[in-house]
Ligand code: NDP
Ligand code: GDR
């Protein structure tokens, strides 16, 4: 069943009636975040706590700690004692758990960020990805209905630019047709449409945020940006000589996660629920991300081609710093994503604050600090 993360969350019998007027204890808004331990979940929790929300998060049981990104948000980080943030064990594959948590928390807003979010991994774990990313979204929507809260809860769905996949139009906006290119994107396509359907069928306030790639020092270590900044930091500090990447030519519209979680919140504060593209409006290749990273630490890059993908000239006797390994290629690739965030700007004044260079700099600086402190990180 569903286990409380710690003991100081009381099963207050007055909780339910108190919250039926739409506000939590002490008139505070209550938010429930799935995927709170992930990159976005941690920034969103910070943002909502800063706005005075009572924040509840669902975490998975795991054999090692998975709360590293949110540890600083505990009232007492040493003792893992909760203040305004409360954690519940649960899983997107477990409906009864979702129902129990929603009944107990009675949130005003639910942010559905939980996902098997790695595109390459989704080719290896396609069925599980569908379970979590597609059916998981259906499960939580149905849990809301089971609790009779479909008219009071506001629901945010973490949709993605991966829906555009094999691009039909440049730049991509809310009306651009979808063409998913991975089991991940196919699962998220189901998520997108089931959210749209429940909005139309049951009058739910439910929104798809179609977010383009967003990164940060907290980005998972096997996404390309973080892999690059970690490796370049280690090369700069003399901890490693080189590293491997896959396709260097794909282009992405990369923004900063801190900016993007604000757009999630804004979407749920509007009069009517709608879907929005969130992007910077600027695209760069993986190769450019590598180049900018090396520039920041003041090192020359030496590329190595594999014959499969010739990526540059080897220079003299210098050490090869970046190798291309086809094992990182995807069976079907998404070549070029560039978003048009005009609708979000018009509706609620959102624009990305952090530039491409600002993002690379933030990530490199943070990884330099990390690797200096802990070379085995
Ligand atoms: P992360 O991979 O960093 O975080 C994913 C979160 O989902 C983690 O908290 C993870 O828990 C949790 N999770 C995974 N599987 C389950 C499960 N079966 N049940 C419950 N929780 C689960 O992703 P991001 O923070 O980068 O992204 C957040 C969401 O936004 C995802 O849905 C992603 O697909 C989507 N998205 C991300 C974009 C980006 O550029 N970052 C762009 C567009 C969409 P644990 O920590 O235990 O692994
Ligand atoms: P993406 O992010 O697939 O866009 O999905 P990722 O950083 O994994 O890949 C971006 C591009 O870089 C190329 N690439 C590599 N990628 C990884 N991970 N590792 C490598 O070594 C490597 N070398 C080159 C990839 O081929 C790809 O073209 C992210 C996730 O956060 C999704 O959950 C989210 O929906 C989308 O962004 C928007």
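Residue numbers (full-length UniProt numbering): 3 to 379. Just so you know, even glycine gets a beta-carbon here, dropped at the ideal spot from N, CA and C.
Own chain, CB closer than 7 Å to residue i, minus 5 neighbours either side, in chain order
| i | result |
| --- | --- |
| residue 168 | 181, 183 |
| residue 190 | 135, 161, 162, 164, 165 |
| residue 79 | 73 |
| residue 323 | 237, 244, 303, 304 |
| residue 379 | 372, 373 |
| residue 177 | none |
| residue 127 | 118 |
| residue 121 | 164, 184, 186, 332 |
| residue 368 | 219 |
Range of the contiguous alpha helix (DSSP H) that encloses residue i
| i | result |
| --- | --- |
| residue 106 | 97-107 |
| residue 363 | 358-375 |
| residue 196 | 185-204 |
| residue 111 | From DSSP, residue 111 is part of no alpha helix (DSSP H) but of the beta strand (DSSP E) over 111-114. |
| residue 214 | No alpha helix (DSSP H) holds residue 214; DSSP gives it neither H nor E. |
| residue 156 | Careful: residue 156 lies outside any alpha helix (DSSP H), inside the beta strand (DSSP E) at 156-162. |
| residue 291 | 288-299 |
| residue 386 | The question about residue 386 has no answer here: the residues shown for the chain are numbered 3 through 379. |
| residue 231 | 226-238 |
| residue 346 | 344-350 |
For residue j and residue i, believed in contact at Cβ under 8 Å, the rounded distance
| i | j | result |
| --- | --- | --- |
| residue 347 | residue 353 | 6 Å |
| residue 143 | residue 196 | 6 Å |
| residue 208 | residue 275 | 6 Å |
| residue 287 | residue 253 | 5 Å |
| residue 277 | residue 366 | About 34 Å separates the two Cβ atoms, so there is no contact after all. |
| residue 148 | residue 101 | 5 Å |
| residue 340 | residue 179 | Incorrect: roughly 15 Å between the Cβ atoms, too far for contact. |
| residue 110 | residue 32 | 5 Å |
Close Cβ partners of residue i (< 6 Å) along its chain, the five nearest in sequence each way excluded
| i | result |
| --- | --- |
| residue 124 | 131, 184, 185, 186 |
| residue 37 | 43, 115, 116 |
| residue 51 | 57, 86 |
| residue 248 | 330, 331 |
| residue 140 | 196 |
| residue 338 | 169, 253 |
| residue 175 | 279, 342 |
| residue 370 | 235 |
| residue 239 | 373 |
| residue 59 | 35, 38, 89 |
| residue 20 | For residue 20, the predicted model reports a pLDDT of 40, less than 50, meaning its position is unreliable and no value from the coordinates is stated. |
| residue 68 | 39 |
Residue i: CB within 6 Å of a non-hydrogen atom of ligand 3
| i | result |
| --- | --- |
| residue 362 | Ligand 3 is not among the ligands present in this structure, which contains only ligand 1 and ligand 2. |
Where residue i falls: helix, strand or coil (DSSP)
| i | result |
| --- | --- |
| residue 89 | strand |
| residue 78 | strand |
| residue 308 | Here residue 308 scores only 46 on pLDDT, less than 50, and its place in the model should not be relied on; the value that follows carries that caveat. It is coil, neither helix nor strand. |
| residue 180 | coil |
| residue 139 | helix |
| residue 23 | Residue placement at residue 23 is poorly supported in this model, since its pLDDT is 41, which falls under 50; the coordinates are not used for a value here. |
| residue 41 | helix |
| residue 166 | coil |
| residue 250 | coil |
| residue 1 | The requested residue 1 does not occur in the structure, where the chain is confined to residues 3 to 379. |
| residue 52 | helix |
| residue 46 | helix |
| residue 63 | coil |
| residue 353 | coil |
| residue 147 | helix |
| residue 275 | coil |
Range of the contiguous beta strand (DSSP E) that encloses residue i
| i | result |
| --- | --- |
| residue 125 | Here residue 125 belongs to no beta strand (DSSP E); instead the alpha helix (DSSP H) covers 121-126. |
| residue 282 | Looking at the DSSP string, residue 282 is not in any beta strand (DSSP E), and its letter there is neither H nor E. |
| residue 379 | No beta strand (DSSP E) contains residue 379, which DSSP labels as neither H nor E. |
| residue 339 | Where residue 339 is concerned, there is no enclosing beta strand (DSSP E), given that its DSSP letter is neither H nor E. |
| residue 325 | 324-326 |
| residue 35 | 32-36 |
Close Cβ partners of residue i (< 8 Å) along its chain, the five nearest in sequence each way excluded
| i | result |
| --- | --- |
| residue 364 | 218, 219, 258, 356 |
| residue 395 | The displayed coordinates of the chain run from 3 to 379. Any statement about residue 395 would go beyond what the structure contains. |
| residue 76 | 82, 83, 84, 85, 87 |
Short CB-CB distance (under 7 Å) between residue i and chain B
| i | result |
| --- | --- |
| residue 161 | This model lacks chain B altogether; it includes just one protein chain. |
Taking contact to mean at least 3 C-beta pairs separated by less than 8 Å, is the region 149-164 in contact with the region 260-280? yes
Would you call the region 34-52 and the region 214-221 in contact, with 3 or more CB pairs under 8 Å? yes
Cβ contact (3+ pairs, closer than 8 Å) linking the region 223-241 and the region 357-376: yes
Specify whether the region 249-262 and the region 281-300 touch according to this definition: at least 3 beta carbon pairs, one from each stretch, less than 8 Å apart. yes
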